[in-house]
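Q: My questions all concern the structure below.
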Amino acid sequence: MGRKDSQAKWFYNFSLEDRVPQDHLLRSVAKAVDFSFVRDLVRRTYSHTGTPSVDPVVVFKMALLGYL
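Residues 14 to 81 (the numbering used here) are what the sequence shown spells out, left to right.
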C-alpha cells in the first residue's frame, strides 16, 4: 500500500494551498473528517510484494471530490 509523499517539488512554482479559497467546501471537509480509516478498511486487499500502489486515502479523496 503506497503513501502520498507530501514534500514540495523542487522544479515548479505552484502551490495548491494558495489556489484553493479558504472558505472552500473541501477545506471544511478536510478539517471535519479524519481519512485514516480508509487504510484500515482496504489493508487486507493489498499485497505485501510488488511495487507500492497509489495511496488509498488519495484515491478515496479523489472519488469524494468527483462526487462533490
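Where a beta carbon is used, it is the ideal one built from N, C-alpha and C, also for glycine.
#1: Look up MET75 in the DSSP assignment and say whether it is helix, strand or coil.
#2: Could you check whether the region 30-37 touches the region 50-69, counting it as contact only if at least three pairs of C-beta atoms, one from each stretch, sit closer than 8 Å?
#3: How far does the alpha helix (DSSP H) with ARG32 in it reach, from first residue to last?
#4: Beta-carbon within less than 8 Å of LEU78's beta-carbon, same chain only, minus the 5 sequence neighbours each way: which residues are those?
#5: Would you identify the three-state DSSP class for PRO65, choosing helix, strand or coil?
#6: Within 10 Å of its beta-carbon, does PRO69 have 16 or more other beta-carbons around it, so buried, or fewer, so exposed?
A: The structure says:
#1: Helix, per DSSP.
#2: Result no; under three Cβ-Cβ pairs closer than 8 Å.
#3: For ARG32, the enclosing alpha helix (DSSP H) covers residues 29-32.
#4: These residues qualify, in order along the chain: LEU39.
#5: In the three-state scheme derived from DSSP, where H, G and I count as helix and E and B as strand, PRO65 is classed as coil.
#6: PRO69 sits buried, since 16 or more C-beta atoms from the chains shown fall within 10 Å of its C-beta.
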